[in-house]
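J.:
Numbering (this note's numbering), first residue to last: 3 to 141.
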C-alpha cells in the first residue's frame, strides 16, 4: 500500500502542505506516523478524501458532467469568430476553444473566476513514475 507524506498529499490535492496539516490536525484527514516519525496518509484514505472534495457541487448547479475544475482565467485570445480561453485550476492548465460570442456572454476576462466542465468519451490514464525515497522505491 502506498503512503504519502504531507507535502506529497498537498501536491496531489492542489493545496498547500499547511492546509493538509490543518485537515490532519482537525481529524478531517486521517494520518499515521511512519518508522521515521513523519506523518503519512495512506493511499486509500487520501483517495477517499480527494473524492469527497470533488463531490461538493456548487449551489444550484446540476449537470451530468462530473469533471469540474474551478480556476482563474489567465488568457483570452479572440479573433472574428472564435476565442481561446486559458484557465489555471490549481496545478492544471485548461484551454477551451469557444465562440467569441460565448466569451462575451460569459463576460470572461483575464482575472475572472471560471469553471472548466469536462465531459469526454475518451480519457487517457498514465501511471506516474515511482519515487525513490531513502533507498527504497515508493509504489
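All C-beta atoms, glycine included, are put in the ideal place defined by N, C-alpha and C.
When you compare only the Cα positions, how much space is there between residue 10 and residue 111?
T.: What you label residue 10 is simply residue 8 of the chain shown in a count that begins at 1. What you label residue 111 is simply residue 109 of the chain shown in a count that begins at 1. One C-alpha to the other measures close to 33 Å.
J.: Do residue 75 and residue 16 have their beta-carbon atoms positioned less than 9 Å apart in this structure?
T.: Along the chain shown, read from residue 1 onward, the residue named residue 16 stands at position 14. Along the chain shown, read from residue 1 onward, the residue named residue 75 stands at position 73. Contact flag unset, no.
J.: Grouping DSSP H, G and I as helix and E and B as strand, with all else coil, what is residue 141?
T.: As a position in the chain shown, residue 141 is number 139, starting the count at 1. Bear in mind that the predicted position of residue 141 carries a pLDDT of just 49, short of 50, making it too unreliable to give a figure here.
J.: Considering only their Cβ atoms, is the gap separating residue 105 from residue 73 smaller than 9 Å?
T.: By 1-based counting over the chain shown, the position of residue 73 is 71. By 1-based counting over the chain shown, the position of residue 105 is 103. It is not a contact, given that the beta carbons lie outside the stated cut-off.
J.: Can you look up residue 22 in the DSSP assignment and give me helix, strand or coil?
T.: On the chain shown, residue 22 is found 20 positions in, with the first residue counted as 1. Looking at residue 22 - three-state DSSP - the assignment turns out to be helix.
J.: Using DSSP bridges, identify the partner residues of residue 5.
T.: As a working mapping, residue 5 is identified with position 3 in the chain shown. According to DSSP, residue 5 bridges with 44.
J.: Ignore the nearest five residues each way along the sequence and tell me which others in residue 79's own chain have a CB closer than 6 Å to its CB.
T.: Indexing the chain shown from 1 puts residue 79 at position 77. Cβ neighbours of residue 79 beyond the five flanking positions: 86.
J.: Rounding to the nearest angstrom, what Cα-Cα distance links residue 95 and residue 29 in this structure?
T.: In the chain shown, counting from the first residue as 1, residue 95 sits at position 93. In the chain shown, counting from the first residue as 1, residue 29 sits at position 27. Using only the alpha carbons, I get a separation of about 31 Å.
J.: Return the CA-CA distance between residue 93 and residue 37, expressed in angstroms with no decimal places.
T.: The residue labelled residue 93 in the question sits at position 91 within the chain shown. The residue labelled residue 37 in the question sits at position 35 within the chain shown. For residue 93 and residue 37, the distance between alpha carbons rounds to 31 Å.
J.: Between residue 102 and residue 88, is the Cβ-Cβ spacing less than 9 Å?
T.: Within the chain shown, residue 102 is the residue found at index 100, counting from 1. Within the chain shown, residue 88 is the residue found at index 86, counting from 1. No, these two residues do not count as a Cβ contact at 9 Å.
J.: Is the Cβ-Cβ distance between residue 71 and residue 91 less than 9 Å?
T.: Here residue 71 is taken as the residue at index 69 of the chain shown, counted from 1. Here residue 91 is taken as the residue at index 89 of the chain shown, counted from 1. For residue 71 and residue 91, yes; Cβs fall inside 9 Å.
J.: Assuming residue 26 and residue 33 are in contact, meaning their beta carbons sit under 8 Å apart, how far apart are those beta carbons, in whole angstroms?
T.: Counting from one through the chain shown, the residue named residue 26 turns up at place 24. Counting from one through the chain shown, the residue named residue 33 turns up at place 31. The Cβ separation is near 5 Å, so the contact holds.
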